[in-house]
Every structure is written in C-alpha cells, then in structure tokens.
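For reference, the structure is listed below as structure tokens.
Protein chains: 2
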Amino acid sequence: MATLPLRLDRSDPAPLPAQLAAQVRALVVAGTLTRGDRLPSSRALAADLGVSRAVTEQGYEQLLAEGWLETRRGDGTYVASGGLATGPAPAAVRPAARRPLVSLDTGTPWIDPRQTAGWRRAWREVSAATPPRGYDDPRGLRELREALADRLGRTRGVTVDPEEIVVTAGTGDALRQLLRVVPPGPIGIEDPGYRSAVMTAHDAGREVVDLPAARPITSLAGLAAAYVTPAHQHPLGRVMPAAERLELLAAARAADAVVIEDDYDSEFRYDVAPVPALASLDRERVAYVGTAAKTVAPALRLGWMVVPPALLGPLTERRTVTHDGASWPAQRALLTLLRDGWVDKVVRAARRTYAERAPRVAAALSPYAELAGPLAGMYSTWLMPQERAVAARDAALAAGFRLNLLSTYSRSSGLTGLVVGFGGVTDEELDRALTAVTRALAGDAPAPRDPARPAPRA
Amino acid sequence: MATLPLRLDRSDPAPLPAQLAAQVRALVVAGTLTRGDRLPSSRALAADLGVSRAVTEQGYEQLLAEGWLETRRGDGTYVASGGLATGPAPAAVRPAARRPLVSLDTGTPWIDPRQTAGWRRAWREVSAATPPRGYDDPRGLRELREALADRLGRTRGVTVDPEEIVVTAGTGDALRQLLRVVPPGPIGIEDPGYRSAVMTAHDAGREVVDLPAARPITSLAGLAAAYVTPAHQHPLGRVMPAAERLELLAAARAADAVVIEDDYDSEFRYDVAPVPALASLDRERVAYVGTAAKTVAPALRLGWMVVPPALLGPLTERRTVTHDGASWPAQRALLTLLRDGWVDKVVRAARRTYAERAPRVAAALSPYAELAGPLAGMYSTWLMPQERAVAARDAALAAGFRLNLLSTYSRSSGLTGLVVGFGGVTDEELDRALTAVTRALAGDAPAPRDPARPAPRA
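Protein chains in written order, with this note's numbering: chain A, -11 to 446; chain B, -11 to 446.
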C-alpha cells in the first residue's frame, strides 16, 4: 500500500472531502490505482495529509457510495473490483455519482405530507403581519410563549408562566445561552451522547466530564451542570426511570449543579404515554430545553427553554445585549401552527408512522444485534461489535444510504453499534436500507457496485 | 439618604428592574418616600441589593421616564417634586407609566413603509415553497449565497464565490462561529466598541485586548484576531482611511492574525460612495461579516460572512455537527427581497431619510458637543463630559426617549458623550427627543413630570 499522491488545498472553494474524492477518482481513471489496490486507512491518510479524520472518512464514504471503493470485512478499503474493468469515463459516471446519499439520521423527522395547507396558511399569516420595528422582546414573541406554556403544561406536565419561557434558535442555541449564566465549572454530558452538546460546551471553554448514559447518575460532585436526555437518551434510547430521576435531582441539589434537560423527541412514545419532564419535578434546579426541529421542521431553527428563576434575569440581560433572539417570522409562523392545532395533528401522524416503522427496523435487526432501549422516537440503536457495525454501515453506503455508527457518539464508554434513523426516509427507502444492512450482517452482502451500470451480481 | 426597604426576588417572574420600579413606586404611594428624598446611587443600590448595576439603572430609568423620580445635575436622583403632591393612586398612573420608551439606538433602521407589498410578496413565496426535509446545506441556501455574492461584488467591491459565503443568524452568530476556528489567543476589539462583540469573545473564553478606535491600529502582536468596523466605527462613526487599512492588514500579516471586518451599515453613506470593504484588499486574511438587520429588519436574525479559505473547511465541518444554520424561511424570503430589487429600493430610501435627519441632529447638538465622525449611517456620536451626557440622557428619558451613553461602549478609552440613533423613530419623535436633549445641554431642562398630569411648569 503506497502513499497516495494527493494534495488537498484549503484555498480551493471545494470542500476537502470532495477534493479527496475527486483526486482518488482521477487516480482510478488514470490507472494509477487499479482494482484490488488497498487504500490507506482513513486515520493514516488523515495523518499523512494533515487533515481531520472526518475529511478522509467523508471522502471515502462518498467513493464507497459511488462504487469506486469497497470494503472487505475487517480488512480495510480497496479499489472496487466490480464494474471498473473497462475504466469508465468520468463523464459517464459523475452524474450518477452526484446522487445525494439518503440519510437515516436521528434528527430528520417524518412530516405528514397531507398537512401542507396548514403550513402554507401559517406563512401567509406572516406575510400579513407587521414585524417589530427593532429587536423584539429578548425572550421572544409573547403570544408564542403563551402558546408554548399551554402546550408544555398539557403534553409535558411542566407548569410554567410564559414569562419564564425563552424562545431559542434551537437546542444548540439554548445550551449555549444557558452555559453563559451557569456558574463556572465542568459540564457533565452523557456518554455516549449528543455530539453537538459536547462541541457547544467546548466552545464555551468548559471542561466536559462523561456521565454514564446507560446507568444511574448518582453524583454530580464538582460539576456546574449536567446535560441529560431523560425522556429518550440520545443515542441509546433509554428512558430514565422515576427512581433515577429523583436520584439525579438529589445529586444536583447536593452538588448545587444545574440540570439541563434536553427533551428533544419526548412526544414520540408509542408504547406508553410520554413520561413527564424532569422539569415538572424541580423547576428551581432544572433548565428545560425543547425544539421545533422534530415536530415542525429542522430548518425552522426554533426551540424554547424554561429557565430556572435564578438564571432567568442574567440570561435575559445578556440576550438584550447580544440580540440572540430567534427569527421573528419563524416565531410568528409557529404561533399559528400551534394555535391551529397543526402541531398536534403532525405529532399524532408522525407517532403513527414511527409506531409502524420501529417494529420493522426491530424485526430486521434483532437477529443480529441487541436493541439499546425501548422502541420510541424516530430512531433505534443496535449494539454490536464495531467491525460488524462498520460493515453494515459500509453496505448501506454502497446502496446509497448514510447511517451513523454508535462509536461516533461514544467518548469513554466504548459502546459500539449502529444508529438507525427512520424519520427522514420513505417506506421504500427504509426497506432498501434495511435490506443492505441485514445482508451485510448476515454475511452475504453484495460487493459495492458502480451506480452507473447494472450490478455485477445479484 | 436611608437604605431603601427593597427586596428583589429572582424567583418572581417579573424582571428585576420591573420589581425594583414597582417597589419604589409603592414606597412613594405609601408616603415612605416623599418628594425631594434623595435615592442611593444606582451603583450603591446595586451593591446593597446584590444585583448588577444594569438592574438598578433600568429600574431608575423607568421611574425617571414615568416621572416618579428626577435627577438634579451632578447631584443624584430624587423623588420628583412635580405632580406627586397629592399622591396619585397607582391605578391612575400605571396605564401611562406602561407607555414604552422610544429607543434612539444605533441598531433600529428606518424601513420605507411604502415597501410593504414587496415584503408580503416575499413571505407569500415562502408559503408556496417546499422546506428542506432535514437540515439544509450547512453554509445556507445556495441561491441566496449566489444573490449575496452578486450584491457583495456590486456594492462592496468583494469578489467572492458563493461557495465561500456562509449565511448566519446575524453578526453575533458570525463572530461566534469564526471564533470557534480562529487559532487560540486573545481577540483585539475596538475601544469604544460593539458591546455584543466583547461579550461574544468572553463567552468563547477569549481574552479581549482593547484596540484604539480613534487612532490607527499599528500592531496586532500577540493577537489571534482583531474585530474592527472600518466602514463606520461603532460607535464613534469614524471611517478608516485607506493608509490605515493597509497598515492594519500589514499588522495582521506580521502577527498572523485574522481580521474580522464587521460591515454592519456601510451602505448608508450619504456624503460619498461607500468605501470598498477591507475584504476587497485581502481575502486570505479578512473575514467579512454583513447583516440584514440594517437593510431588511433586525427581527429577521439574518446575516452572512465571507470566510477566509483556511477557515472555511473547519467552520463548515463544525456547523454540520452543531446545526448552526439560519432559519430557512428567513433565507428564502431574503432571496426574494434581493431578487425583486426590494433591498436596493429600501436602502436607497433609507439613505435619503438618514441624509435628511443626520444634519438635523447635527444642527441641534453641534452648539453643545463635538461630532466624533463624519455624518453617516443611522446614528451619530457626540463627545461631551460624562456629567453633561448623563443630564441629556436623563432629560430624554423623562420625555420618553432612551439614548445610550458613549461610556457604555468605552472600556479603557475613557471617551464620554451621547450616541444618538435616528433610524427607529418618526420625524416628530426625533424632534421631541432633540428638544429634550438640547434643553438639558443648554441648562434649561424642565423637571421630569408625572406623565398622567399636565406638566407643572412649561
């Protein structure tokens, strides 16, 4: 395995992974690399090129998806043997190669396509409304906070005055603003856990301490705050039992730590009613964070938080200076969507869809892996050795689907497996992805193929 | 002057300044405080109550505006003598008391009211468009970046590929994202300067070093980046001369520092054409930051940045994880507003309005204070001793207008004066505010009056 003659250029407007993919493609077309040649590992190549491993992984993923490369189980990445025999002209391959991957991520929800009329009505109302002259109330649109207070009481058991709600530009924004006013000190984050939360804590100059995601959290000693997902642990899917909730709150009181409860997809339980939020047990200690990304649209960039009384004043004062409000038109539209009952309708329809899809995923994967939590939400997580998870992920990529490895969410836990989102796909796409994954796990995965040609073998 | 029997309660949903104001009002109504009683300074009261000075200042400002308190030049704050003789019933005063202050800030633009139809059309287009299924391109809507690239070339002399533009949720968001990928080290910020930038740098765990705002910046030694406003220094209004721009870029190259150019209101020159952006001179070294807050609406929460090639990859990779995109509907609407020529029309109309108002402000204030920069943009800054600036600010408050002291933007510079915004007001409001300010500066300010009653003296 020779060093590849690649050169990535940060002044080139093309993203680095795309540059990498283009150069490897060119080497194959030129015959410098031929079928069966082994490529360096993504880690070795990243070190060689002086880029992050994400760059080489993304570049390889693209090439795997396009059929230029293939993986052999436990044995690295090779130039694909199928379909490249005659050295296809780049022009013939590229159009198909640009077909975007379908993402089976944890964050893309299923939105009922029959509800388009209500969505349009909300934006027509925005078009007729008068925007505020300057910056709005730093907490967000008053009428929206009233509608959110009503809904939080009704669906999450959190009794809250609209004055205590702050509208955000999403969960990351909420966490960032809370960390501004949480006293100094390290932040505990579940491991495995939400990568964006870890990055946001680091951006705020905070040390991150790993909290167990699969076991009770019994101490927060020395921590300023703990970020947790009790309704549906991200990404293991575990629901925190009542006794553990009380134990966590006791630990928070003992350490004088703030608990930041990210309640991102709690409404999508289909076995039982959603467990009331942690914030319903202790409003002094718990900062509650919710999002419209799972119920309305990720691209709206809108969420809300219920801020503990001691933090509300300082947080609002800072927002007044930094203008960290959420976009006013998005707030105004969400107000209509809540008032019209659109959100309730969409949540009910999505819950039915997830309740139908989750068992299909389980039926496909349970022969090969262990489910990490109850079936809930819009994804499920399957524990298996890393080697098998990588093989399954690669087989899905070759079929045009992007799946996340559990290892990308793990820090010290060492847990490995596959995270399977089923919100952002059609039924047919889900079936094709599951077929690719289960074939790989069953040991009869087809070789990745050149997407511009018929598959070399069925 | 006795200690006031006040108790602010952070668990009360009312903001602390509102609690303070309500309790002082109650003390006056109860007769515990009577006219002519002197109140503790806002600083002493803040220390006494264990709250930030902003809380006591805002509480006092509200009471000054309502006529419950008055200031005597250089001599502190007193219970007002006018109008309180018979102890007005709170019920009678409160409706008038809640009249919000009109803000003469630097950030609220004048938007041509005749352009409402185009605004509405943009949101109707949003209502008919299909939002992305998951999160959008982490750099923002492609068509919007193309329209912005076109406009930046046309109006700011910055030749840029749409791939190098990143859409943001405003200037604070841009600065925050840039600081994630700027190498470690202190950040230089102009002094006096934009308070939000200072806070954002602190939130990112960065040390802030004061750069001179009124003199050439000749060295950036030891700094990782410098945040500057060369088109219209915020808040002094100075335009950085060409020779200083070259000197700044040379200093940045010598220190290997990034220059972050905040180009917030450059389009509002009415004396000469806008000076091309610093980024037009050095795209490798300068991160350009623009905002829709001044040309479309602050509440849209939308801006853009042109990222130096070396930072673009890492910045985009982080955005992919943290989902720090701007709200998609706002992006889609801005695309229409740019394509329809709405933004160009609104900028031209606002420029005409500012060109008419700025000389009126200058005519009123120039007998009493020194103008800090050329007349440009939607505010002007007037240098004067702090005592006189405070008296003018208080007189404006008493008349129902909120003005910023230059001292709130100063760190080590020691510059004092008054910052007069004239975008977010009507002509009539501007005239009334200027009358209040100039009377105070001329030494014949009327005493603050109870807004529910006729003025005790003209």
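Here a beta-carbon is modelled for each residue, glycine too, at the ideal position from N, C-alpha and C.
What in chain A is Cβ-close to proline 120 (chain B), meaning under 9 angstroms? Locating residue 120 (chain B) in the second sequence gives position 132, counting from the first residue. The answer, in chain order, is Ala285, Pro286, Ala287.
Return the CA-CA distance between methionine 372 (chain B) and valine 196 (chain B), expressed in angstroms with no decimal places. Here residue 372 (chain B) refers to the residue found at position 384 when the second sequence is read from its first residue. Here residue 196 (chain B) refers to the residue found at position 208 when the second sequence is read from its first residue. Answer to the nearest angstrom: the Cα atoms are 27 angstroms apart.
Would you say the segment 256 to 263 of chain A touches the segment 116 to 124 of chain A, given that touching needs at least three Cβ pairs under 8 angstroms? no
9 angstroms is my cut-off, CB to CB: does glycine 193 (chain A) come that close to chain B? Position 205 of the first sequence holds residue 193 (chain A). Closer than 9 angstroms to some Cβ of chain B, the Cβ of glycine 193 (chain A) qualifies, so yes.
When you compare each of A:Trp98, A:Pro(-7), A:Pro200 to phenylalanine 410 (chain A) by their alpha carbons, which one comes out closest? What you label residue 410 (chain A) is simply residue 422 of the first sequence in a count that begins at 1. Ranking the options by Cα distance to phenylalanine 410 (chain A), first place goes to A:Trp98.
Proximity test, Cβ basis, 9 angstroms: valine 274 (chain B) and chain A: The residue labelled residue 274 (chain B) in the question sits at position 286 within the second sequence. No, because no Cβ of chain A sits closer than 9 angstroms to the Cβ of valine 274 (chain B).
Exposure of valine 407 (chain A), with buried meaning 16 or more beta-carbon neighbours within 10 Å: Here the question's residue 407 (chain A) lines up with position 419 in the first sequence. The residue is buried, with at least 16 neighbouring Cβ atoms inside 10 Å.
For leucine 208 (chain B) versus alanine 185 (chain B), is the C-beta spacing smaller than 9 angstroms? Locating residue 208 (chain B) in the second sequence gives position 220, where the first residue counts as 1. Locating residue 185 (chain B) in the second sequence gives position 197, where the first residue counts as 1. No; because the gap between Cβ atoms is not below 9 angstroms, this pair is not in contact.
Cβ-based neighbour list, arginine 82 (chain B), same chain, cut-off 7 angstroms, excluding 5 preceding and 5 following: On the second sequence, residue 82 (chain B) is found 94 positions in, with the first residue counted as 1. Low local confidence applies: a pLDDT of 37 at arginine 82 (chain B) is under 50, so the model's placement there is unreliable, with the coordinate-based value given in what follows. Closer than 7 angstroms at the Cβ level, and outside the excluded window around arginine 82 (chain B), lies no residue.
Taking glycine 122 (chain A) and glycine 388 (chain B) to be in contact with their CB atoms under 8 angstroms, please state how far apart those CB atoms are, rounded to whole angstroms. If you number the first sequence from 1, residue 122 (chain A) lands on position 134. If you number the second sequence from 1, residue 388 (chain B) lands on position 400. In fact, because the Cβ distance is near 16 angstroms, the residues do not count as touching under 8 angstroms.
Which runs of the alpha helix (DSSP H) fall wholly inside the segment 184 to 250 of chain B and span at least 4 residues, in chain order? 230 to 243
Euclidean distance between Cα positions of proline 229 (chain B) and aspartate 270 (chain B): What you label residue 229 (chain B) is simply residue 241 of the second sequence in a count that begins at 1. What you label residue 270 (chain B) is simply residue 282 of the second sequence in a count that begins at 1. Whole-angstrom Cα-Cα distance: 16 angstroms.
State the DSSP-derived secondary structure class of glycine 405 (chain A), mapped to helix, strand or coil. Your numbering for residue 405 (chain A) matches position 417 in the first sequence. Looking at glycine 405 (chain A) - three-state DSSP - the assignment turns out to be strand.
Nearest-angstrom Cα distance between isoleucine 248 (chain A) and leucine 89 (chain A)? The residue you call residue 248 (chain A) lines up with position 260 of the first sequence. The residue you call residue 89 (chain A) lines up with position 101 of the first sequence. Using only the alpha carbons, I get a separation of about 34 angstroms.
Which two residues bound the contiguous beta strand (DSSP E) that contains valine 378 (chain A)? Start at 1 with the first residue of the first sequence, and residue 378 (chain A) comes out as number 390. Run containing valine 378 (chain A): none in the beta strand (DSSP E); it sits in the alpha helix (DSSP H), 374 to 386.
Rounding to the nearest angstrom, what Cα-Cα distance links serine 400 (chain B) and proline 126 (chain A) in this structure? In the second sequence, residue 400 (chain B) corresponds to position 412, counting from 1. In the first sequence, residue 126 (chain A) corresponds to position 138, counting from 1. In a straight line, the C-alpha of serine 400 (chain B) is about 29 angstroms away from that of proline 126 (chain A).
Can you say whether valine 349 (chain B) is buried or exposed, counting buried as having 16 or more other CB atoms within 10 angstroms of its CB? Residue 349 (chain B) sits at position 361 when you count from the first residue of the second sequence. Valine 349 (chain B) is buried by the Cβ-count criterion.
For a contact defined as C-beta to C-beta under 8 angstroms, what are the partners of aspartate 93 (chain B) on chain A? One-based indexing of the second sequence puts residue 93 (chain B) at position 105. Result: Gly122.
Closest to threonine 283 (chain B) by C-alpha separation, out of B:Thr22, B:Asp100, B:Gln7, would be which residue? For the purposes of this step, residue 283 (chain B) is identified with residue 295 of the second sequence, where counting begins at 1. Of B:Thr22, B:Asp100, B:Gln7, the residue nearest in Cα terms is B:Asp100.
Can you name, in chain order, every residue of its own chain whose Cβ lies under 6 angstroms from the Cβ of proline 5 (chain A), other than the five neighbours on each side? For the purposes of this step, residue 5 (chain A) is taken as the residue at position 17 of the first sequence. Excluding positions up to five away in sequence, the list reads Val43, Gln46, Gly47.
In this structure, how does DSSP classify arginine 168 (chain B) when only helix, strand and coil are distinguished? Walking along the second sequence from the start, residue 168 (chain B) turns up at place 180. The answer is helix: DSSP assigns arginine 168 (chain B) an H, G or I state.
Using only CA atoms, which one of A:Ala275, A:Arg144, A:Thr20, A:Arg345 lies nearest to alanine 261 (chain A)? Taking the first sequence and counting its residues from 1, one reaches residue 261 (chain A) at position 273. Residue A:Arg144 is the option with its Cα nearest to alanine 261 (chain A).
Give the straight-line distance between the Cα atoms of serine 354 (chain B) and alanine 265 (chain B), rounded to the nearest whole angstrom. As a position in the second sequence, residue 354 (chain B) is number 366, starting the count at 1. As a position in the second sequence, residue 265 (chain B) is number 277, starting the count at 1. One C-alpha to the other measures close to 30 angstroms.
When we look at the beta-carbon of threonine 450 (chain B) and count the other beta-carbons within 10 Å, is it buried (16 or more) or exposed? Shown here, chain B extends from -11 to 446; a query on residue 450 (chain B) therefore has no answer.
Sequence-distant residues of the same chain with beta carbon closer than 6 angstroms to leucine -6 (chain A), five excluded per side: Position 6 of the first sequence, counted from the first residue, corresponds to residue -6 (chain A). If we look at leucine -6 (chain A) and ignore the five residues flanking it on each side, its Cβ neighbours are Gln11.
Does the segment 164 to 184 of chain A come close enough to the segment 165 to 185 of chain B that 3 or more CB-CB pairs lie under 8 angstroms? no
For alanine 219 (chain B) and alanine 68 (chain B), I'd like the C-alpha separation in whole angstroms. If you number the second sequence from 1, residue 219 (chain B) lands on position 231. If you number the second sequence from 1, residue 68 (chain B) lands on position 80. Each residue's alpha carbon lies about 44 angstroms from the other.
Establish whether the CB of arginine 345 (chain A) and some CB of chain B are separated by less than 9 angstroms. On the first sequence, position 357 is the one that residue 345 (chain A) refers to. Answer no: the Cβ-Cβ gap between arginine 345 (chain A) and chain B never drops below 9 angstroms.
Proximal residues to proline 302 (chain B) (C-beta, below 7 angstroms), its chain only, five neighbours per side dropped: The count along the second sequence starts at 1 and reaches residue 302 (chain B) at position 314. Around proline 302 (chain B): Val169.
Going by alpha carbons, who is nearest to glycine 431 (chain B) out of B:Glu232, B:Val227, B:Ala379, B:Thr308? Taking the first residue of the second sequence as 1, we reach residue 431 (chain B) at position 443. Ranking the options by Cα distance to glycine 431 (chain B), first place goes to B:Ala379.
Take alanine 243 (chain A) and list the residues in its own chain whose beta-carbon comes closer than 8 angstroms to its own, dropping the five residues that flank it on each side. Translated into the one-based positions of the first sequence, residue 243 (chain A) becomes position 255. Same-chain partners within the cutoff: Ser207, Leu208, Ala209, Gly210, Leu211.
Taking 9 angstroms as the CB-CB cut-off, is aspartate 419 (chain A) touching chain B? Position 431 of the first sequence, counted from the first residue, corresponds to residue 419 (chain A). Chain B contact via Cβ: absent.
Pair every Cβ in the segment 102 to 112 of chain A with every Cβ in the segment 294 to 308 of chain A, then say whether three or more of these pairs are closer than 8 angstroms. no
Excluding the five sequence neighbours on either side, which residues of its own chain have a C-beta within less than 7 angstroms of the C-beta of glycine 158 (chain A), listed in chain order? Position 170 of the first sequence, counted from the start, is the residue given in the question as residue 158 (chain A). Around glycine 158 (chain A): Thr279, Ala281, Arg289, Leu290, Gly291.
Bridge partners - glycine 176 (chain A), DSSP secondary structure assignment: Along the first sequence, one-based indexing puts residue 176 (chain A) at 188. Glycine 176 (chain A) pairs with A:Val197, A:Ala214.
Can you give me the C-alpha to C-alpha distance between proline 317 (chain A) and arginine 102 (chain A), rounded to a whole angstrom? The count along the first sequence starts at 1 and reaches residue 317 (chain A) at position 329. The count along the first sequence starts at 1 and reaches residue 102 (chain A) at position 114. Answer to the nearest angstrom: the Cα atoms are 23 angstroms apart.
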